[in-house]
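S.K.:
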Amino acid sequence: MLKRILFVGLTAALGALGTAGTGHAEPARGVVVIVPGQYLGALPYQPLAAALRADGYEPVVLDLKGFDIAADADAIDGAVAAAAAANPGLPVTLTGFSIGALSSRYYLRELGGAGAVARYVGIGAPQYGSPGACGQPAAPEACPGTPFMEQLNAGDDTPGATTYYSIRSEREWSDGRLDGGQCRLTPFPTLGNGGVDHSLEPVLPAVLDQLRSALAGGCAGEYADEPDGAITAESTLFPSGVPFG
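FYI, in mature numbering (1 follows the signal peptide of the UniProt record, and there is no 0) the residues of the sequence shown are -25 to -1, 1 to 220.
Written as structure tokens, this is what we have:
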């Protein structure tokens, strides 16, 4: 999940997403800070940002590589503060893809970000860790069971007044669950391979549709409020029952 993202069919997907949502622009609906997954930085998220801008939101795409979760959380802290200062009175939504969802949640939990962010949306988020991180040079702390992941998931996963959302495909390798209150949007149909779906998520129209639903404040799925400690890393992996399928 956290391996180098290979955007199979990227051109076609970018075209589909880039044309979605035009004609619905409304001013000052809110700020959406987008945190990338690993390696590719901001470029793959520009069509998503363009669609949100057409919807009347102010998107901010961070150019992060996902190599160090805590360091990226510091960058998120500064970016959210700057976006809020530039757009006073607008709600801030923090949207993180893959490992970007972990650095975003580290910011919410450990750096006090829950007081500044109205909504948090994890897309393809390995919230309790991913086997793909184990032994790799980039962000190995995301391996399940590391001290970092144990700290990140100790106590309440969903602190503060922030509302928490999860978006994933049917065959995502991790189910993205958090304890406490969380809207788990209905997993969208798979293209046939969880790894390919994961890589394509930032440019899939289905993800944009579900992100729009979250931004509207609804829960087009299941709202769950599991008690603290009810989730284990093992229970979140391979929700379709197909390892690496």
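Glycine included, every Cβ here is placed at the ideal spot set by N, Cα and C. On a predicted model such as this, the values are computed, not experimentally measured, just so you know.
#1: Assign A60 to one of two classes, buried (16 or more other C-beta atoms within 10 Å of its C-beta) or exposed (fewer than that).
#2: Excluding the five sequence neighbours on either side, which residues of its own chain have a C-beta within less than 6 angstroms of the C-beta of S188, listed in chain order?
#3: Note down, in chain order, each residue of its chain lying with its Cβ closer than 7 angstroms to the Cβ of R28, except the 5 sequence neighbours on either side.
#4: Whole angstroms are fine: how far does the CA of V182 sit from the CA of P19?
#5: Going by beta-carbon coordinates alone, are D132 and L160 separated by less than 8 angstroms?
#6: Exposed or buried, which one is F219 when buried takes at least 16 other CB atoms within 10 Å?
#7: I'd like to confirm the pairing. Which residues does DSSP put opposite Y139 in its beta bridges?
#8: Nearest by alpha-carbon distance to V36: which of A117, A26 and L83 is it?
#9: Considering only C-alpha positions, which residue in the set G75, A136, E125 and C109 is nearest to G90?
#10: Below 8 angstroms, can you find three or more Cβ-Cβ pairs linking the segment 47 to 59 to the segment 75 to 85?
#11: Could you check how far apart the C-beta atoms of Y32 and V7 are, in whole angstroms? I think they sit under 8 angstroms.
#12: Among the residues of its own chain, which have a CB less than 8 angstroms from the CB of H(-2), if the five just before and after it don't count?
#13: Where do the N-terminal and C-terminal ends of the alpha helix (DSSP H) with E85 fall, by residue?
#14: Which residue or residues does DSSP assign as beta-bridge partners of R159?
#15: Starting from P122, trace the alpha helix (DSSP H) in both directions and tell me its first and last residue.
#16: To the nearest angstrom, how far is it from the Cα of A58 to the Cα of P112?
#17: Return helix, strand or coil for V36, following the three-state DSSP convention.
M.R.: The relevant details are as follows:
#1: exposed
#2: A195
#3: P34
#4: 14 angstroms
#5: no
#6: exposed
#7: Y95
#8: A26
#9: A136
#10: yes
#11: 5 angstroms
#12: Note on H(-2): pLDDT 44, under 50, position unreliable in the model; the coordinate value appears next. Only A29, D30 and G31 meet the Cβ criterion.
#13: I74 to E85
#14: S141 and E197
#15: P122 to L127
#16: 31 angstroms
#17: strand
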